[in-house]
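Heads up: the sequence shown begins at 1 in full-length UniProt numbering, then just goes up one per residue. Heads up, the beta-carbon is just placed ideally off N, CA and C, and yes, glycines get one too. Nothing here was measured: the structure is a model prediction, and the numbers come from that model. Before any comments, here is the structure.
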Amino acid sequence: MGNASSMLTQYDIEEVQDYCNYLLSGQEIVSLYQRFCELDRNAKGYISADEMLSVPEFAMNPLSKRVVEMVDGFNFKDFVVILSAFTSKANQQQKPQLIFKVYDSASFLFRFFLLQQAPTQRLKEAGYTRGTLT
């Protein structure tokens, strides 16, 4: 899976559907696989952050740049899970769960970033300081 010369089997499709909480149909997964192979021009089995940002539906989301900053490359399953998290089919509880799947090996760092750094940065950008919050 992830190599442009390979084809998805029914087992691959079902595995990816399970991985993305069945938010996408088998046909949608096949279409995404074709898109992934187009982006993975060198058949490396993964796509870079820049290649991921070339997907308009993903790039237009305000969180897309933050998501790609946290990973060096996306394999096909990561690609599908991230895109499924940004679909209207995913509810507010599913979205972070799906994104955390991609960062499972580094979930502690990712959660630290989201839960500690991002809110602190947003407060600073809004003009708040430690003294104004207490």
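In terms of DSSP beta bridges, what is residue 73 paired with?
48
Please list the terminal residues of the continuous alpha helix (DSSP H) segment that includes residue 19.
10-19
Across the segment 74-94 and the segment 14-24, are there enough close Cβ pairs to call them in contact, namely three or more that are closer than 8 Å?
yes
Are three or more beta carbon pairs between the segment 87-106 and the segment 38-50 nearer than 8 Å?
no
Residue 60 to residue 9 span [Cα, whole Å]:
31 Å
Do you know how far the Cα of residue 97 is from the Cα of residue 15?
17 Å
Under three-state DSSP, which class holds residue 100?
helix
Anyone know if the C-beta pair for residue 101 and residue 81 falls short of 7 Å?
yes
Comparing C-alpha positions only, which one of 40, 33, 41 sits nearest to residue 83?
33
Length of the line joining the Cα atoms of residue 52 and residue 99:
14 Å
Taking residue 44 as the reference, which of 58, 12, 63, 73 has the closest Cα?
73
According to DSSP, is residue 105 part of a helix, a strand, or is it coil?
For residue 105, the predicted structure reports a pLDDT of 43, less than 50, and the residue's modelled location is therefore unreliable. The matter cannot be settled from this model.
How is the alpha helix (DSSP H) around residue 39 delimited, first residue to last?
26-39
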